[in-house]
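Visitor: The structure follows.
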Amino acid sequence: MDRTGFEAFVLSLPGVTLVHQWGNASVAKVGDKIFALLSGWATDGDLRLSFKCSPMSYDLLPELEQVRPAPYLARAKWVQVLPGAPLSSDELQAYVREAHRLVAAKLTRKRQAELGLEALIAAGPQKS
162 MDRTGFEAFV LSLPGVTLVH QWGNASVAKV GDKIFALLSG WATDGDLRLS FKCSPMSYDL
222 LPELEQVRPA PYLARAKWVQ VLPGAPLSSD ELQAYVREAH RLVAAKLTRK RQAELGLEAL
282 IAAGPQKS
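According to this note's numbering, the sequence shown is numbered sequentially starting from 162.
Written out as structure tokens, the structure reads:
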């Protein structure tokens, strides 16, 4: 997933803001809480996608090549996907969509309502 594709996709999700911070990172937030980021901090210049995931996904995804617990964020069940990981663009989008839902579900009901997220939360996890 390139930066343009990542940014367009996350901005299509309800209640999302996108900021550029920490140098060369595109940071996707819902209700001011981060759910995914695309960083270019690596010395090789490659982009790395990091996102929040469910406990089950957190246990399974790092078993794939080029997927690992996200540095500094692993304790909160985040993974980092490196170039060459065996995940399609559709699969990555599904994981980012679920990250958005997981983080949105932790917002207060008032904040969920302000962002128009009630239906998303009520729908529960999405099947890919």
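Glycine included, every Cβ here is placed at the ideal spot set by N, Cα and C.
With distances taken Cα to Cα, identify the nearest neighbour of L221 among V242, G201, L278 and L281.
Guide: Here residue 221 refers to the residue found at position 60 when the sequence shown is read from its first residue. Checked all of V242, G201, L278 and L281; the closest Cα to L221 is V242.
Visitor: P230 bridges to which residues according to DSSP?
Guide: Locating residue 230 in the sequence shown gives position 69, where the first residue counts as 1. Its beta-bridge partners are V240.
Visitor: Please determine, among L281, E224, M162 and M217, the residue with the shortest C-alpha to C-alpha distance to L197.
Guide: The residue given as residue 197 occupies position 36 in the sequence shown. The sequence given here has Ala at residue 197, not Leu. Minimum Cα distance to A197 is reached at M162.
Visitor: Under 8 Å, with one C-beta from each stretch per pair, do the stretch 211-221 and the stretch 169-177 reach the 3-pair mark?
Guide: No contact exists between the stretch 211-221 and the stretch 169-177.
Visitor: Taking C-beta to C-beta, are G176 and V188 nearer than 8 Å?
Guide: For this step, residue 176 is matched to residue 15 along the sequence shown. For this step, residue 188 is matched to residue 27 along the sequence shown. It is not a contact, given that the beta carbons lie outside the stated cut-off.
Visitor: So for K271, helix, strand or coil by DSSP?
Guide: Along the sequence shown, one-based indexing puts residue 271 at 110. If DSSP states are grouped into helix, strand and coil, K271 belongs with the helices.
Visitor: Short of 6 Å in beta carbon distance, which residues of its chain neighbour G245, apart from the five on each side in sequence? Order them along the chain.
Guide: The residue given as residue 245 occupies position 84 in the sequence shown. So the list reads Q227, once near-sequence residues are dropped.
Visitor: So S249 is in the beta strand (DSSP E); what residue range does that whole segment cover?
Guide: Along the sequence shown, one-based indexing puts residue 249 at 88. First-last for S249: undefined, no H or E at that position.
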